[in-house]
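In what follows, a structure is listed as structure tokens, so that the remarks can point back to it.
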Amino acid sequence: MIKSLSALVVICIETKMFSQKIDSLNIYSTSMKKEIKTLVVHPLNEKNKKLPTVYILHGYSGYPKRTLTKDIPSLVKLSEEMQMIFVLPDGNYDSWYIDSPNLKYETFIAKELTGFIQKNYSSNQSKTALMGWSMGGHGALYIGARHQNTFSAIGSLCGVIDFVPFGKEYGVPKLLGENPEKWTSYTAISQIDKLKESRQKILISCGTDDPLIAQNRKFHEQLIKLNIPHIYEERPGAHDAAYWSRAAVTQIFQLKQFFANHD
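Residues in the sequence shown are numbered from 93 upward in steps of one, following our numbering.
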């Protein structure tokens, strides 16, 4: 059974400029029969207004606390300024946010986590986005394409579009077995046809010095060929927090504008 909010630990942050909360939760996953650590950053929201909500997926080897302290440290301030809820689940180091025989992170993110947040927070279900970087960028594109009624926008930062070429070094065999031919249907690129009729806002950003730039350019080109509307951005930068911490702010502003135009 999912734990109630009475079980959470609340950290209040207050300054002259902004005031919001960071809730540290252990959310029970029925599909995996375990608790998933999750941080929820939200404004005080005294009027209990339904707020846009962005689920943010960390990269390979990451975890929620690192997201706030290193990867996107501006999230705390942005929550108040943008009047948005940010949800940061733990991706189990190298889950790739997929449903594998032993782990069900797609199910957790798209159903269990979103269900919990909508039940326990003032989350606007019609203004819900999924974004992430690196492994989390893969997760945002993969899950977002497969759950279009849940996420009205998806954003990828330095995203892994196809993990098949290097998956053996990044934990994929323990999820999907040793045969790379069986991995392809779990990649972000394999889901591109599902986006043909999508009404989602799709945001993609990658650094020009990132080893994944070729994959992102190819994905961008294929989206164009399929006439799938999206925003694609390249800027100087590598595959590191210096890049995605800045690019994330841009995408969050774009999401804010998108949600404001869809009242």
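C-beta: ideal position from N, C-alpha, C; glycine also.
In this text the structure is predicted, and so the values were computed from the model without any measurement.
- Looking only at K125, S123, E173 and V132, the smallest Cα-Cα distance to L117 is reached by V132.
- Here the region 231-242 does not lie against the region 260-277, with fewer than 3 beta-carbon pairs under 8 Å apart.
- The straight-line gap separating the alpha-carbon atoms of Q349 and K293 is approximately 11 Å.
- In the three-state DSSP reduction, D163 falls in the helix class (H, G or I).
- C-alpha of Y213 to C-alpha of L136: approximately 11 Å in a straight line.
- With respect to A306, H230 sits apart: the two C-beta atoms are not nearer than 7 Å.
- In the displayed model, D115 falls within a strand according to three-state DSSP.
- In this model, E261 and T276 are separated by some 16 Å (Cα to Cα).
- Of the other Cβ atoms in all chains shown, fewer than 16 fall within 10 Å of the Cβ of A352; this residue is therefore exposed.
- Just measuring C-alpha positions, the residue of K126, L170 and L149 sitting nearest Q346 is L170.
- Secondary structure at D285: helix, using DSSP grouped into helix, strand and coil.
- By the neighbour-count definition (other C-beta atoms within 10 Å, threshold 16), E313 is an exposed residue.
- Annotation for Y155: no alpha helix (DSSP H) segment contains it, and DSSP assigns it neither H nor E.
- Annotated three-state conformation of K266 is helix, per DSSP.
- As far as DSSP is concerned, E204 takes part in no beta bridge.
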